[in-house]
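Chemist:
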Amino acid sequence: MEQTYATLIDRNCKAKRVDVNCTSNIVSDAAYIDWTDALEYLDSSSSSPSLLEVQSDQTPVRLRVLTTDSPNLTNQALRLSEALVPVPAEVLAHVAVSMPDFEALWQNDAGSVTLLDGPRRFLMQTPNDGDLFCSMIVQSSGFLDDSARKISLQRADPLYRAILISSDPMINMPKIAPSFSTPTTWNETNLPIVLLPLEFLLRHVRQVSKTLAQITTEVSDIEETVINGNVLPVHSEQFTSTFTGLIKRLHICNRENVKLRRRWHFQMGLAKTILELIKSHETWHISSFDPSPLIYSLEYRQLRSVASLQIKLSESLEYDLDVLPVRISNQFNAIFNLMAQSDTHASMSIAISSRKDNEYMQSIADATLRDSSSMKTIALLTMVFLPGTFICSFFSMTMFNWNSQPGEPLVSPYIWAYFVAMVPLTLLVIAIWWWKTKESRREQEDLRQRRRLIRGNTVIDLENLRTNRV
């Protein structure tokens, strides 16, 4: 994919210029500048030393920095190869010299640090992870090549140039001069090109240490919560105390730890590259038999000490970075074990409830069996005596005249009234019995359905709780 750049007339990508006099510890105020003027600003022809500097041969170490804001990289799906470079290619070419080298650096989302020659350039870019982003190029164009430098120390141009693309405005305001006071003799070396990367390294080390402390504190808080057993949800507002909240927090810690690990590797590479460039001057000055070698100067020793300290500080973070994944994994296992215990307790509660229901149903069955036996006995006795009772009752009615004289009727002519009254009443009794039996069965069925529904809802709630926890 072909890389896209801002144009010289682009008003959306604004540039600021910052002049740094590293010898007199003076940093100019940042001033906005057009891209067309930036070409002249970075041009070496506009940086000729003053008459006093020429006569005294004390040209100060000067750094011209051109800064601009980085593209919005909060969207993690956006790759740098797809992002617009906010600096025109014509301006970048003044410092990067080789555009393919810059594009290789820009399109590397993992971050990279490298030193290039012809002229000497320091290229650095942080990982693209949605956090602090900085892409930096510093050029030392005022020297002869390495083969000629051993013969002559004449400078072709004392100006150091830098382009800084940053997501943090504070980094766009270099604080290099107040931090390091550089002697004018450093114009004969490549040391000034490490000042801006070293200043960024100091800030990056502080940020990585702070982020690591925040993640460690978060994991420690989760550990205390799990150890104290305060992990069962009570109300929906107490989300962070639930299994779901704890697992989500652990996933966030895991993600941040992965990002921080990549940041740490970039940080170590940056610190080692800076120290490598600083130490490279020791061999050169020792072999040149300089009566006043650079390596004995206080400023050089301070610069080397600061770079060495950043490596030591970075190395001290490695143990915590290695231990964090283990601690996070332990908390995942502990929470899953607690979830399993909770599920076991819930299953035991369901089993106990089912056992009680079974005992209750068994007692009902026993009572029903006893009632059934009694009813069978009553029914048997009723069937034995009912025919005789019916015959006695029927023939004892006054509808029959057993003492009738010859010629008198034995049965009353009103015998039909008995059947008219008996048949409807019998049907009514049978209808009432059928209706009552149906209602009783319906109530029993509703009761069984409610019990099944209660048990089913309990199981569903437990399954939902288990799913939410996972």
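Offset between the sequence shown (1-based) and the working numbering: plus 10.
All residues carry an ideal CB built from backbone N, CA and C; glycine is no exception.
Since the model is a prediction, treat every value here as computed from it, not as a measurement.
Within 10 angstroms of the Cβ of T78, are there 16 or more other Cβ atoms? Answer buried if so, exposed if not.
Modeler: In the sequence shown, counting from the first residue as 1, residue 78 sits at position 68. It is buried - the Cβ of T78 has at least 16 other Cβ atoms within 10 Å.
Chemist: Output the boundary residues of the beta strand (DSSP E) element that contains D53.
Modeler: As a first step, residue 53 is located in the sequence shown; it is residue number 43 there, counting from the start. Per DSSP, D53 belongs to no beta strand (DSSP E) and is neither H nor E.
Chemist: In terms of DSSP beta bridges, what is Q135 paired with?
Modeler: Looking up residue 135 in the sequence shown gives position 125. S122 and S145, per the DSSP bridge assignment.
Chemist: Since T221 contacts T33 with CB under 8 Å, what's their CB separation in whole angstroms?
Modeler: For the purposes of this step, residue 221 is taken as residue 211 along the sequence shown, with counting starting at 1. For the purposes of this step, residue 33 is taken as residue 23 along the sequence shown, with counting starting at 1. Contact doesn't hold; Cβ gap of about 35 Å is too wide.
Chemist: Where does C402 land, buried or exposed, given buried means 16+ other C-beta within 10 angstroms?
Modeler: The residue labelled residue 402 in the question sits at position 392 within the sequence shown. Label assigned to C402: exposed.
Chemist: Which value, in whole angstroms, describes the spacing of the CA atoms of E266 and S307?
Modeler: Walking along the sequence shown from the start, residue 266 turns up at place 256. Walking along the sequence shown from the start, residue 307 turns up at place 297. Each residue's Cα considered, the two are about 42 Å apart.
Chemist: Measuring straight from C-alpha to C-alpha, what distance separates E12 and P137?
Modeler: To locate residue 12, count along the sequence shown from 1; it is residue 2. To locate residue 137, count along the sequence shown from 1; it is residue 127. The alpha-carbon atoms of E12 and P137 are separated by roughly 21 Å.
Chemist: For K24, does the three-state DSSP call read helix, strand or coil?
Modeler: Position 14 of the sequence shown, counting from 1, holds the residue named residue 24. Three-state DSSP puts K24 in coil, outside helix and strand.
Chemist: What would DSSP say about V71, mapped onto helix, strand or coil?
Modeler: For the purposes of this step, residue 71 is identified with residue 61 of the sequence shown, where counting begins at 1. Looking at V71 - three-state DSSP - the assignment turns out to be coil, as it is neither helix nor strand.
Chemist: Figure out for me which residue from N197, I19 and V101 has the closest Cα to the Cα of A172.
Modeler: Position 162 of the sequence shown, counting from 1, holds the residue named residue 172. Measuring from the Cα of A172, the nearest candidate turns out to be V101.
Chemist: If you draw a straight line from the alpha carbon of W274 to that of A103, how long is it in whole angstroms?
Modeler: Here residue 274 is taken as the residue at index 264 of the sequence shown, counted from 1. Here residue 103 is taken as the residue at index 93 of the sequence shown, counted from 1. Approximately 30 Å between the Cα atoms of the pair.
Chemist: Along the alpha helix (DSSP H) that carries S176, what are the first and last residues, could you check?
Modeler: Locating residue 176 in the sequence shown gives position 166, counting from the first residue. No alpha helix (DSSP H) contains S176, which is instead part of the beta strand (DSSP E) from L169 to S176.
Chemist: My output table needs one value for A41: the three-state DSSP class, helix, strand or coil.
Modeler: For the purposes of this step, residue 41 is taken as the residue at position 31 of the sequence shown. Correct three-state label for A41: strand.
Chemist: Taking DSSP's pairing of strands, which residues face V95 in a bridge?
Modeler: Reading the sequence shown from its first residue, position 85 is the one you call residue 95. According to DSSP, which records beta bridges pairwise, V95 is partnered with Y15.
Chemist: Is there at least one non-hydrogen atom of the ligand PLP closer than 7 Å to the beta-carbon of F395?
Modeler: Among the components of this structure there are no ligands whatsoever, and the ligand PLP is therefore not found.
Chemist: Out of curiosity, what's the CA-to-CA distance linking W412 and F395?
Modeler: Residue 412 sits at position 402 when you count from the first residue of the sequence shown. Residue 395 sits at position 385 when you count from the first residue of the sequence shown. Near 24 Å, if we compare the C-alpha coordinates of F395 and W412.
Chemist: CA-CA distance, S246 and T254?
Modeler: Here residue 246 refers to the residue found at position 236 when the sequence shown is read from its first residue. Here residue 254 refers to the residue found at position 244 when the sequence shown is read from its first residue. Low per-residue confidence applies at S246: pLDDT is 40, beneath 50, and the placement is therefore not dependable, though the value from the model is reported in the following sentence. The straight-line gap from Cα to Cα measures roughly 11 Å.
Chemist: Determine, using beta-carbon pairs with one atom in the stretch 279-289 and one in the stretch 115-127, whether at least three such pairs fall under 8 Å.
Modeler: With a cut-off of 8 Å, the stretch 115-127 and the stretch 279-289 count as touching, because enough Cβ pairs lie within range.
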